[in-house]
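Following: one structure in structure tokens, then a few remarks.
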Amino acid sequence: MTVMTRTWDRLTLPGKALFILIPLLAVLTLGLVITLALFGQQILDILVFNLPIVRFVFAVTVLMLIFVPMAFVIIYMEMKIIALMNLRMGPDRVGPWGTLLSTIHGLKVLMKEDFTPSGADAVVFTWAPVVVFSTAVLSAMVLPFAPGLYGQDFNIGLLYFFAVGGMTVVGLLMGGWSSFNKYSLIGGIRSAAQIVSYEIPLTLSVVGLVILAGTMSLNTIVEQQGLSGWATDWYAFRQPLGFLIFAIAATAEANRTPFDLTEADSEIVAGFATEYSGMRFGFFFFAEYINVFIISAITVVLFLGGWNAPFPVPHIAWELNPGTLGIGLLLLLAIVPVVATLVFALPFYLFRSKTRWWVALILGFVMFNVVAGGLLSLWAYINFDWVAGLFWFTAKAFGLVFLFVWMRGTLPRVRIDQLMGFAWKWLLPAALVNLFVTALAVMVIDVLNGGAA
Amino acid sequence: MATETPPRPTAEPRPTGEPKPAPKGTHRSEDDPNVLLQDDYDFYEPIPPYAPRTEREAEFYTLGDGEMFLNMGPQHPSTHGVLRVVLKLDGERVVDIDPVLGYLHRGVEKLVENADYHQTISQVDPLEYISSLFCEWAPVTAYERLLDVEVPRRAEYIRVLSGELNRISSHALFLGWFALDLGGLTPILWSFIERDEIVEMLAALTGQRMLFNYFRIGGVNGDLNHEFMSRLGDWMSRAASQLEAGMGLLNENEIFVRRASGLGVVDRETALRYCMTGPNLRATGVPFDLRRTHPYSIYPELDFDIPTRSEGDCLARYLVRMEEIKQSLRIIDQCLEQMPDGPIMAKLPRLIRPRPGRAWAAVEGPRGVYGAYAISDGSDQPFRLKIHDPSFIHLQAVGALLPGHLLADTMAIMASLDPIMGGVDK
Amino acid sequence: MDKALARRLEARFESVLHGPARQRHDQTEIRIGAGDVQEVLRALHDEPDLDFRMLADLAGVDTGTEMQVVYHLWSATTSDWLRVITEGLSREDPRVPSVTFLWQGAEWMERETYDMFGITFEGNRDLRRIYMPPDYTSFPLRKDFYLPDDAARSPGAGVRHVERTQSPVDAAPGVLRQTRA
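Here you go:
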């Protein structure tokens, strides 16, 4: 007994971890192998039989894994861009150009104490951030990121998106109501009023688009916008008023400046999130930035052509068939990095006498990697549709994210009565007019084309 | 003289072990056993926890149908300084307001009674820390009147020059704060460019960035120096366009203009009844500016206008201040042009004992009339120094402006009156 | 110095003035009793040839023997500041009528004076402490109030003249510095 304890105590922390993990892994692997050997066929059958569920679980897992780093990127973007607009430096300490600061913020909220104020409704208080975060992830399920790259393709995808996206308000209201704080309550009620009001022009503004498209499947809508290959096919140009209304209402839906009344810090401290701390606050925070991305993404999908490039990209055939090279491939892989590193290092070494040879070599290696990565990306872009689609989609979506950040750096906040008045007196009638005109135009064109009116 | 010092209170050792049973009517908190809670403690405890002292307090702390209290501050992120405001709300609409002061109270008038005349200047400095020179100016002028001393003309010019610079820096900060309370993030940092340059300039002149302690009884502390003049020259060449850019961010912003116009309207009669002064009064159409209506120092010799507007709302108050910045630039130009040579201090003994008497002096600061009422009894310390602070008066007027507006406008209206809590709480 | 103003004031308020109007620099000073405050200030505010529409300041003063309330007024009809001193208030129970019926803005100034001197302004409907906490009992700016951390009471007292308070630590309660102003 004592011998065992003494030996155990002498181990370092990683040693203890390994000491536990390695046998555990061995046992688990053995178990897995035996299970697969015995029941492999049955498991496969079950998975194949429940393919939609498997796909759903897989898609949600991937989205959740992607969205947290994406939120980090957007938070960093916001910090840095607003700082530059404010003539400040912004984050510049953690990581190169401060890029890791939002990651550190994420770790920080993980480590903070997570308390529930006395008087709060603990159950509702705990579930509110979960509801907010999960609705954000669920509504992203139908987004077509690239050809063949989407969670689910419903024929009522648009309806699903609005229905699930609108659930966010339930989470915000839960948080505001259960916090036992008047600021939270006001924030929650404000968000309910605001999101419910803006939901209507938001939904109505795309009805015209749906009439034109004839479908609510987001995939089909994107495909329709890429028929000729030019940006003129995008619905933003066929539904300009709808696009405008949608952009404004979407800003309000995402609770962004100038419509960020739910967390107006100069009025109601932090709104519904006032009493939250630790990772619960982190969930709200992530959900907010994920929502920014999702709102940008749905705008891109509906109005800005989704994954389609704005102009027809000339098709270049650049087939690589490594198999034909035979043994040459091996030589290529061995020689090219060395030669390229030397070639790239030479200018650094020659043109600046202060540069040491090893510094030049490192720079050359980095340069080689950049060039090789660029070439590889280019090759992938040319040969895989989904890479090209993902590129254009991300570029457009982040362009819109930048627009959101820009607005935050520029505009003051509107007042609640101005906000509601704008929704009901201007956006809603405009959306109705848009819908009416579109429907009329479609009918007239049908009649002119000799179709049955 | 051996005075007995009372023994210092020593900290009681923290009790260990099982805590004593709580006294009757209380129980120990589950979170911290050292905290005693009352048994009948209720979350919905009425505020304040004592019987109302006046008719007005009783009226305020009685809730009508559908109303609730909201306690804003002193830790609220946008109250200027440590101000606590109890709002009575009906939904989002403010019904009534009760500002609670005293979180920054230093008792400066008492401190001043215990200090030498010269020392009082540094005591009154931190009152309105955004525009300290004006806090010095009024008492110093009052002392000079007690002493019947003539200030050299060069000193007066330097006072006006540095004072107008300080006015610009104060108004620049106002621009930023006002926009921040309306939700705009950027203008405050843009306006800080101006403020920082001016403050650096004044630091070169006075040795301090914020609490200058520069004016002396009978003059100023130091003459103009090379660093100040070169910084000033640099800045003056681009000040107008730079300030224009900062204001352009807001003046043409549809959201800003729509929010600020028609907000917190006060007419001229009400403004006079509320003893308002400065830009807040001039925004209602009363051209009352002590620099013109009751000239002091060298202002009669300078050429400048008194901008007024007639609307009396937040936008008018903002625009009047922005116009004043331009007038201040004109004054600075003329000061530099006409700056005479000569001494910067009157000849005065080091220890001052004014004849017994009373003197009142008022100067036009960026927020209104700063007054100082000094009484001397013939000793070397002021017998009484009453500081009149415009922030105090304007904060009071919030109670008249706010009811009927929305919660979101609370801070905007307060910011448009530009109170500084250091001056309010004295 | 506006001599005409002094003559006008003396003629108008002859019955209530305590002594002649004094003038120094750009200030004219009249002294009245507590009972005449409302009448005098109303006349100063309303009568068109006086027209003192602006109340620049309201201050309390403890002279050591009595309390005073001092009003500073401004008018476009004269180049002088007008100082109205209400004198002769008892230190035990100083009472003076409020001027909030003329200037709403005097409310807080009166609250401050009440807080600091204990002067009761009759007619002010919100006369409570404004700076000090509600359970506070003394009036800090009275001359018989010493700061708890007074330099005179610390071991270093007597080292520097300028840091001493007016009264020694063991002064009898009645012995206070008196003003000759």
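Chains as they are written, first to last, in our numbering: chain A, 65 to 517; chain B, 38 to 463; chain C, 549 to 729. All C-beta atoms, glycine included, are put in the ideal place defined by N, C-alpha and C.
According to DSSP, residues forming a beta bridge with residue i
i                : result
Leu88 (chain A)  : Answer is none; Leu88 (chain A) lacks a bridge partner.
Pro645 (chain C) : C:Glu670
Lys61 (chain B)  : Note: Lys61 (chain B) sits in no beta bridge, so no partner.
Ser334 (chain B) : None, per the DSSP bridge assignment.
Ala411 (chain B) : B:Ala396, B:Leu422
Val122 (chain B) : B:Met109, B:Pro136
Met382 (chain B) : B:Gly256
Trp622 (chain C) : C:Met602
Val294 (chain B) : Paired residue(s): none; Val294 (chain B) is not in a bridge.
Reference residue i; option with closest CA among the options
i                : options                                : result
Phe211 (chain B) : B:Asp455, B:Asp350, B:Leu74            : B:Asp455
Leu148 (chain B) : C:Val632, C:Leu650, C:Pro682, C:Pro688 : C:Pro688
Ser563 (chain C) : C:Val585, C:Lys551, C:Phe693           : C:Val585
Pro211 (chain A) : A:Val188, A:Asn283, A:Ala147, A:Val274 : A:Asn283
Gly436 (chain B) : B:Ala308, B:Tyr194, B:Gly402           : B:Ala308
Arg232 (chain B) : B:Ile362, B:Leu443, B:Val400           : B:Ile362
Arg315 (chain B) : B:Leu339, B:Arg190, B:Pro344, B:Asn288 : Note that residue 315 (chain B) corresponds to Gly in the displayed sequence, not to Arg. For Gly315 (chain B), the nearest C-alpha among the options comes from B:Pro344.
Glu177 (chain A) : A:Tyr413, A:Gly230, A:Met343, A:Pro476 : A:Met343
Leu491 (chain A) : A:Leu276, A:Pro193, A:Ile264, A:Leu397 : A:Ile264
Gly671 (chain C) : C:Asp594, C:Ile678, C:Ala654           : C:Ala654
Gly370 (chain A) : A:Leu291, A:Tyr353, A:Ala398           : A:Leu291
Ile195 (chain B) : B:Leu287, B:Leu269, B:Phe97, B:Met451  : B:Leu269
Ile446 (chain A) : A:Leu397, A:Met205, A:Ala373, A:Leu504 : A:Ala373
Gly349 (chain B) : B:Ala297, B:Arg390, B:Ala445, B:Ala216 : B:Ala297
Glu614 (chain C) : C:Ile678, C:Met602, C:Asp597, C:Gly581 : C:Gly581
Ile230 (chain B) : B:Ser334, B:Asp127, B:Glu281, B:Ser267 : B:Glu281
Delimiting residues of the beta strand (DSSP E) encompassing residue i
i                : result
Thr167 (chain A) : Run containing Thr167 (chain A): none in the beta strand (DSSP E); it sits in the alpha helix (DSSP H), 165 to 175.
Thr326 (chain A) : From DSSP, Thr326 (chain A) is part of no beta strand (DSSP E); its letter is neither H nor E.
Arg130 (chain B) : 130 to 137
Phe209 (chain A) : 208 to 210
Gly608 (chain C) : 602 to 610
Gln571 (chain C) : 570 to 572
Glu577 (chain C) : 575 to 580
Buried or exposed (CB count within 10 angstroms, at least 16 for buried), residue i
i                : result
Arg421 (chain A) : Note on residue identity: the sequence assigns Trp, not Arg, to residue 421 (chain A). When all chains shown are included, Trp421 (chain A) counts as exposed.
Ala524 (chain A) : Outside the displayed range of chain A (65 to 517) lies residue 524 (chain A), so it cannot be described from this structure.
Tyr662 (chain C) : buried
Lys125 (chain B) : buried
Gly441 (chain B) : exposed
Leu222 (chain B) : buried
Tyr684 (chain C) : exposed
Met549 (chain C) : exposed
Met359 (chain B) : buried
His620 (chain C) : buried
Asp109 (chain A) : exposed
Leu217 (chain B) : buried
Val707 (chain C) : The predicted position of Val707 (chain C) is uncertain, since its pLDDT is 38 and thus under 50; no value can be drawn from it.
Opening and closing residue of the alpha helix (DSSP H) in which residue i lies
i                : result
Leu637 (chain C) : Here Leu637 (chain C) belongs to no alpha helix (DSSP H); instead the beta strand (DSSP E) covers 629 to 637.
Asp663 (chain C) : 654 to 665
Gly270 (chain B) : 263 to 288
Glu146 (chain B) : 145 to 150
Thr363 (chain A) : 342 to 367
Gly460 (chain B) : 458 to 462
Leu512 (chain A) : 492 to 512
Phe122 (chain A) : 115 to 149
Asn317 (chain B) : 315 to 319
Whole-number beta carbon distance between residue j and residue i, since they are thought to touch under 8 Å
i                : j                : result
Leu127 (chain A) : Gly215 (chain A) : 7 Å
Asn483 (chain A) : Leu325 (chain A) : Checking the displayed sequence, the identity of residue 483 (chain A) turns out to be Leu instead of Asn. So it is a contact: roughly 6 Å between Cβ atoms.
Pro189 (chain B) : Ala383 (chain B) : 6 Å
Tyr336 (chain B) : Met247 (chain B) : Actually they do not touch by this definition, with Cβ atoms about 25 Å apart.
Leu164 (chain B) : Asp426 (chain B) : 6 Å
Ala409 (chain B) : Ile389 (chain B) : So it is not a contact: roughly 16 Å between Cβ atoms.
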